[in-house]
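S.K.: Chains as they are written, first to last, in my numbering: chain A, 1 to 275; chain B, 1001 to 1275.
Just so it is clear, CB atoms sit at the ideal spot from N, CA and C, and this is done for glycine as well.
Owing to the predicted nature of the structure, the values given are computational and were not obtained by experimental measurement.
1) If distances are taken between C-alpha atoms only, which option among B:1028, B:1014, B:1018 and B:1013 comes closest to residue 1007 of chain B?
2) In this structure, how does DSSP classify residue 2 of chain A when only helix, strand and coil are distinguished?
3) How is residue 67 of chain A classed by DSSP in three states: helix, strand or coil?
4) With which residues is residue 1118 of chain B paired in a DSSP beta bridge?
5) Would you say the region 148–159 of chain A touches the region 43–51 of chain A, given that touching needs at least three Cβ pairs under 8 angstroms?
6) Is it buried or exposed, residue 272 of chain A, if we count other Cβ atoms within 10 angstroms and call 16 or more buried?
7) Check the Cβ-Cβ distances between residue 1158 of chain B and every residue of chain A, and say whether any is below 7 angstroms.
8) Taking Cβ to Cβ, would you say residue 1100 of chain B is nearer than 7 angstroms to residue 1177 of chain B?
9) By a C-beta neighbour count over all protein chains shown, 10 Å radius and 16 as the cutoff for buried, is residue 247 of chain A buried or exposed?
10) In chain order, what residues of the same chain lie with their CB nearer than 8 angstroms to the CB of residue 1162 of chain B, ignoring the 5 residues before and after it?
11) Quick check on residue 1170 of chain B - is its C-beta less than 7 angstroms from some C-beta in chain A?
12) So if I threshold CB-CB distances at 7 angstroms, which residues from the region 107–119 of chain A count as touching chain B?
13) Quick test of the definition: if touching needs 3 or more C-beta pairs under 8 angstroms, does the region 177–197 of chain A touch the region 215–222 of chain A?
14) Give the single residue among A:131, A:213 and A:267 whose Cα lies nearest to the Cα of residue 198 of chain A.
15) To which residues does DSSP link residue 167 of chain A through a beta bridge?
16) Kindly identify the DSSP beta-bridge partner or partners of residue 53 of chain A.
17) Across which residues does DSSP place residue 88 of chain A in a beta bridge pair?
18) Who are the neighbours of residue 221 of chain A on chain B, taking C-beta pairs under 7 angstroms?
19) Kindly list the residues whose CB is nearer than 6 angstroms to the CB of residue 1301 of chain B, restricted to its own chain and excluding five residues on each side of it in sequence; keep chain order.
20) Cα separation between residue 1141 of chain B and residue 1063 of chain B?
21) Does DSSP classify residue 93 of chain A as helix, strand or coil?
22) Does any CB atom of chain B fall closer than 7 angstroms to the CB of residue 132 of chain A?
23) At 9 angstroms on the CB atoms, spell out the chain B contacts of residue 254 of chain A, in chain order.
24) Of the residues B:1259, B:1224, B:1120 and B:1241, which one's Cα is nearest the Cα of residue 208 of chain A?
25) Is it buried or exposed for residue 143 of chain A, if we count other Cβ within 10 angstroms and need 16 for buried?
26) List, in order along the chain, the chain A residues whose C-beta lies closer than 7 angstroms to that of residue 1210 of chain B?
27) What distance in whole Å lies between the Cβ atoms of residue 1079 of chain B and residue 1071 of chain B, which are believed to be in contact at a cut-off of 8 angstroms?
28) Quick one: grab the DSSP three-state call for residue 990 of chain B.
29) Comparing alpha-carbon positions, which option in B:1066, B:1266 and B:1110 lies nearest residue 1002 of chain B?
30) DSSP state of residue 7 of chain A, grouped into three classes?
31) For residue 162 of chain A, decide whether its Cβ has a neighbour in chain B, counting only Cβ atoms nearer than 7 angstroms.
32) For residue 1090 of chain B, I'd like the list of residues in its chain whose CB is within less than 7 angstroms of its CB, leaving aside the five on either flank, ordered along the chain.
33) Can you list, in chain order, the residues of its chain with a C-beta nearer than 7 angstroms to that of residue 1224 of chain B? Leave out the 5 residues immediately preceding and following it.
34) Can you list, in chain order, the residues of its chain whose CB lies under 7 angstroms from that of residue 84 of chain A, leaving out five sequence neighbours each side?
35) Taking the straight line between their C-alpha atoms, what separation do you get for residue 1026 of chain B and residue 1131 of chain B?
36) I'd like to know whether the C-beta of residue 1075 of chain B is nearer than 7 angstroms to at least one C-beta of chain A.
Structure below.
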């Protein structure tokens, strides 16, 4: 018997499609259905075997015992009340949103079986054509239960992520948003700002350094607009920290060679500790 | 007949070693000798076939018809007068330094056959054990001739770089330093600052985004201290530009969602134009 009878994936892009492929590969669901606003995405998801059936309307998710939101943050919030009207009260609901405080606060009011989630996987490419069951293998998935979270919902969502190869870490939604503002949102802001700092006519001189530091600036602008706004408070604090660190390098270049070398050595040592 | 009779490489690290391997591969020199402060580097360079012979003292470069400086910027400046005492006046001299104004100004006074150069290749790894003849294949090498540069020296240095597979682009030293401050030095400053902005205890949550944007923060701190100081004026201007772009994102997050989306979309479009 599978862990779930019918799983509904809302949003069949890179993450949603990869979840579908993973569920299939590990036999965790008897049936997987997908919903997307884009008919083409449904067709491709079906063709790749990520879903058994799909639709551009929500009706298809009826009778699901697990619903997974895999859409941008704002779309999760927009669709939640509509989905609540269709599914059973006992249905377990989770999401893969990049921010958690806002989503958890709203969705746990709407869904008794809600568990907030965020797999640390993905890339600047977002379409179903880049989907793969392997992206969660060995990755970390953060879950953000609250006092309201039902033990059984948490247990099953955890089994789902561990079943597709992820390592589950539990933390609060507010801690999640604080950490992610620095390890994920701030690097994106740095990358967007950095590429905007280089005149177009100089781009032909770009070597590996610029390419690597700005790779994620090719990420979807709408998704990231929503992430920054949803985690506004922490993101603004993060930018302040980055500005301070830039300022430290600036004043060291101006007046203190030894201090400059100390700052760069500390950075090097820290970076080398990241595996 | 080879292009050069005896090539002396000062500094047998990643770039110097790769030049040696490239010279050998393309039969551009009858003899290649190397100088390094580190005996181990000489032994490894010889073992890998990057040099025929090597030494920790300069005497070995006597009778070279091409000398290539492949050391950090400050070491080039430090060694130049000593090397001038050993080599012939007609010897062609070039370098691979990451900044050019300071080096060109000083070295063309010392060496009649000097041509400033900077191959846009390399990585955060700097040792001879990462050297490879392939790193210049299809890469760009910038040469910065001045009014004083002899045609014959420029012609032969150009033939050398093209002979090992690089595409040569000529530009002034001041233009070079301006461009590189934005396409190379600023990304390094951003990477150093970014990793310094993430608390140690959060590094375990780092996914691909942080890893890519900060990869070059693992670069050698002493080398980059020297590069930033050697190109101080342009680098400080570059930091100002980055701070302005960070400030733009910050105020858009605070008050203007549409503006935020416009900024991120412009960045995405620019990044996608980088090949």
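M.R.: On the basis of the data shown:
1) Taking the second chain and counting its residues from 1, one reaches residue 1007 of chain B at position 7. Of B:1028, B:1014, B:1018 and B:1013, the residue nearest in Cα terms is B:1028.
2) Taking the first chain and counting its residues from 1, one reaches residue 2 of chain A at position 2. Coil at residue 2 of chain A, not helix or strand.
3) Counted from its first residue, the first chain places residue 67 of chain A at position 67. If DSSP states are grouped into helix, strand and coil, residue 67 of chain A belongs with the strands.
4) Start at 1 with the first residue of the second chain, and residue 1118 of chain B comes out as number 118. Residue 1118 of chain B pairs with B:1142.
5) No, because fewer than three Cβ pairs between the region 148–159 of chain A and the region 43–51 of chain A fall closer than 8 angstroms, the two stretches do not touch.
6) If you number the first chain from 1, residue 272 of chain A lands on position 272. By the neighbour-count rule (16 or more Cβ atoms within 10 Å), residue 272 of chain A is not buried but exposed.
7) The residue labelled residue 1158 of chain B in the question sits at position 158 within the second chain. No, because no Cβ of chain A sits closer than 7 angstroms to the Cβ of residue 1158 of chain B.
8) As a working note, residue 1100 of chain B is residue 100 in the second chain. As a working note, residue 1177 of chain B is residue 177 in the second chain. Yes, the Cβ-Cβ distance between residue 1100 of chain B and residue 1177 of chain B is below 7 angstroms.
9) On the first chain, residue 247 of chain A is found 247 positions in, with the first residue counted as 1. Around the beta-carbon of residue 247 of chain A, fewer than 16 other beta-carbon atoms lie within 10 Å, marking it exposed.
10) Numbered from its first residue, the second chain carries residue 1162 of chain B at position 162. Hits under 8 angstroms: 1168.
11) Translated into the one-based positions of the second chain, residue 1170 of chain B becomes position 170. At a cut-off of 7 angstroms between C-beta atoms, residue 1170 of chain B does not count as an interface residue with respect to chain A.
12) Under the 7 angstroms Cβ criterion, the region 107–119 of chain A contributes no residue.
13) Segment contact: the region 177–197 of chain A against the region 215–222 of chain A, three or more CB-CB distances shorter than 8 angstroms; contact assigned.
14) Indexing the first chain from 1 puts residue 198 of chain A at position 198. From the listed residues A:131, A:213 and A:267, the smallest Cα separation to residue 198 of chain A is found for A:213.
15) To locate residue 167 of chain A, count along the first chain from 1; it is residue 167. Residue pairing of residue 167 of chain A in beta bridges, as defined by DSSP: A:140.
16) Here residue 53 of chain A corresponds to residue number 53 of the first chain, with the count starting at 1. Beta-bridge analysis with DSSP links residue 53 of chain A to A:33.
17) Here residue 88 of chain A corresponds to residue number 88 of the first chain, with the count starting at 1. According to DSSP, which records beta bridges pairwise, residue 88 of chain A is partnered with nothing at all.
18) Against the first chain, residue 221 of chain A aligns to sequence position 221. Ordered by position in chain B, the residues that pass the 7 angstroms Cβ test against residue 221 of chain A are 1261, 1264, 1265 and 1268.
19) In this structure chain B extends from 1001 to 1275, so residue 1301 of chain B is not present and cannot be described.
20) Start at 1 with the first residue of the second chain, and residue 1141 of chain B comes out as number 141. Start at 1 with the first residue of the second chain, and residue 1063 of chain B comes out as number 63. Rounded to whole angstroms, residue 1141 of chain B to residue 1063 of chain B spans 26 angstroms at the Cα level.
21) Position 93 of the first chain, counted from the first residue, corresponds to residue 93 of chain A. Reduced to three states, the DSSP call for residue 93 of chain A is strand.
22) To locate residue 132 of chain A, count along the first chain from 1; it is residue 132. No, no contact with chain B.
23) Walking along the first chain from the start, residue 254 of chain A turns up at place 254. Chain B residues near residue 254 of chain A: 1232 and 1236.
24) Within the first chain, the letter at position 208 stands for residue 208 of chain A. Cα-wise, what sits closest to residue 208 of chain A is B:1120.
25) By 1-based counting over the first chain, the position of residue 143 of chain A is 143. Looking at its Cβ environment, which holds 16 or more other Cβ atoms inside 10 Å, residue 143 of chain A is buried.
26) Counting from one through the second chain, the residue named residue 1210 of chain B turns up at place 210. Contact of residue 1210 of chain B with chain A by beta-carbon distance below 7 angstroms involves 183, 184 and 187.
27) Start at 1 with the first residue of the second chain, and residue 1071 of chain B comes out as number 71. Start at 1 with the first residue of the second chain, and residue 1079 of chain B comes out as number 79. Rounded to the nearest angstrom, the Cβ distance from residue 1071 of chain B to residue 1079 of chain B is 7 angstroms, consistent with a contact under 8 angstroms.
28) Absent from the model: residue 990 of chain B. The displayed extent of chain B is 1001 to 1275, so no value can be given.
29) The sequence position of residue 1002 of chain B within the second chain is 2, counting from 1. Ranking B:1066, B:1266 and B:1110 by Cα distance to residue 1002 of chain B puts B:1066 first.
30) Working through the first chain from its first residue, we reach residue 7 of chain A at position 7. Reduced to three states, the DSSP call for residue 7 of chain A is strand.
31) The sequence position of residue 162 of chain A within the first chain is 162, counting from 1. Residue 162 of chain A does not count as touching chain B.
32) On the second chain, residue 1090 of chain B is found 90 positions in, with the first residue counted as 1. Result list for residue 1090 of chain B: 1113, in chain order.
33) Numbered from its first residue, the second chain carries residue 1224 of chain B at position 224. Excluding five sequence positions before and after residue 1224 of chain B, the CB atoms of its chain that fall closer than 7 angstroms to its own CB belong to 1188, given in chain order.
34) Working through the first chain from its first residue, we reach residue 84 of chain A at position 84. Same-chain partners within the cutoff: 110 and 111.
35) Numbered from 1 along the second chain, position 26 holds the residue referred to as residue 1026 of chain B. Numbered from 1 along the second chain, position 131 holds the residue referred to as residue 1131 of chain B. Each residue's alpha carbon lies about 16 angstroms from the other.
36) Indexing the second chain from 1 puts residue 1075 of chain B at position 75. No, because no Cβ of chain A sits closer than 7 angstroms to the Cβ of residue 1075 of chain B.
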